[in-house]
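*Asks:*
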Amino acid sequence: MQVIAIGGPVGAHPGARRVGRTLGEVVDAVAALRADDVVLTTRDEPARRVARSTRLVLGPERIGVLHVDAPMTAWAVLLAGLCSPGLTASAARAVADEVLSRTTTRVLLSSVASLHRPTPTFRQHAGSYLPRTAFVVDPGRGSTRGTVRRFRGSLGVPDGGDLLVVARSPRPVVPDDDGTLLPRSPDAELVAAEPGWTATRWLEASTVEGSLGAAVATALSRSYLWGACDACGRAVAGACVFCDIAERRVRARTEPPAGTDADTPTGTPTETQGVIS
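In our numbering, the protein residues as written are 533 to 809.
Written out as structure tokens, the structure is:
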């Protein structure tokens, strides 16, 4: 599996090829790769539209689209997971879900006056106009709502994970002369990353819980539960990255097949079929 990050930042995993958000650039990047499945990864709508257009131009046989709603540094952690050796495109979504579920992101902002998600309180909004104030934002995971709190010396990034990715504005939010803002030196720092935050000064950090390899292995260990795509027949977890079709779940029969014992109660499952893909 080849991974292409549309709009990916400088400093992300070198195994993921970075391209801009233009159709021609993405098509050229796919054409330059050897004959193998390609997963186009995106995290914003302009990139997602380009990825889908590329699949329409080149056909869905070898091009998958994996879109995630995640902060930039969490996306960088995910890209590292997708570049693990031996992965197939069918596993991309399962690996993404598992890695992101184990990833913690914290953002330090100089102002939350224009922040919409998560929503700051009125007091926090008003406090953004005071000098030397800063706020810590937990963006949350998936449907989980995030939180906003005043910065009181701790960013709250957990230690112990084997990958810590950081991105920051040119001007620091707060002085960090003693280097205690982060639990340790970052493993990767994104250069000239698009912040996605309206504050002029910001710092974003994401780290995975434990080993990234363990997260990938956990996702693959559940492959026996994956269904199959009705269109292409590939094994999928959640939805097919090639066809955008939800996986097919096998249902137990609720009526006995013809010719079975009439004493078998109606509605009793008599056979459960599995999917081989």
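Virtual Cβ for every residue (Gly too), placed ideally from N, Cα, C.
Being a predicted model, the structure only gives us computed values, none of them experimental.
1. Let me know the secondary structure DSSP gives A537 once reduced to three states.
2. Report the residue from A666, Y661 and P650 whose alpha carbon sits nearest the alpha carbon of P707.
3. Would you report the Cα separation of T636 and D762, rounded to the nearest angstrom?
4. Restricting to runs no shorter than 3 residues, where is the beta strand (DSSP E) found entirely within the region 536-588?
5. Hey, could you find the ends of the beta strand (DSSP E) E507 is sitting in?
6. Tell me which residues share the same chain as L590 and place their Cβ nearer than 7 Å to its Cβ, disregarding the 5 neighbours each side in the sequence.
7. In the DSSP assignment, find the beta strand (DSSP E) that holds R700 and state where it starts and stops.
8. Could you check where the beta strand (DSSP E) with L722 kicks off and where it finishes?
9. Can the beta-carbon of R625 be found less than 8 Å from the beta-carbon of A724?
10. If you follow the beta strand (DSSP E) that G711 is in, where does it begin and where does it stop?
11. Rounded to a whole number of angstroms, what is the C-alpha to C-alpha distance between V600 and R684?
12. Below 7 Å CB to CB, which residues in the same chain sit around C775 once its five sequence neighbours on both sides are set aside?
13. Apart from the five residues just before and just after S616, which ones in its own chain have a Cβ nearer than 6 Å to its Cβ?
14. Using beta-carbon positions only, say whether T739 and G693 come within less than 8 Å of one another.
15. Would you check if the distance between the CB atom of S642 and the CB atom of W758 is smaller than 8 Å?
*Replies:* Once the coordinates are examined:
1. DSSP, read as helix, strand or coil, puts A537 in strand.
2. A666
3. When rounded, the distance between both Cα atoms is 35 Å.
4. Listed in chain order, they are 548-551 and 570-574.
5. Only positions 533 to 809 of the chain appear in the structure, and residue 507 is not among them; the question remains open.
6. V559 and V562
7. L696 to R700
8. A720 to L722
9. no
10. Here G711 belongs to no beta strand (DSSP E), and DSSP marks it neither H nor E.
11. 31 Å
12. P592, C761, A763 and C764
13. V748
14. Yes, the pair counts as a contact, with Cβ atoms nearer than the cut-off.
15. no
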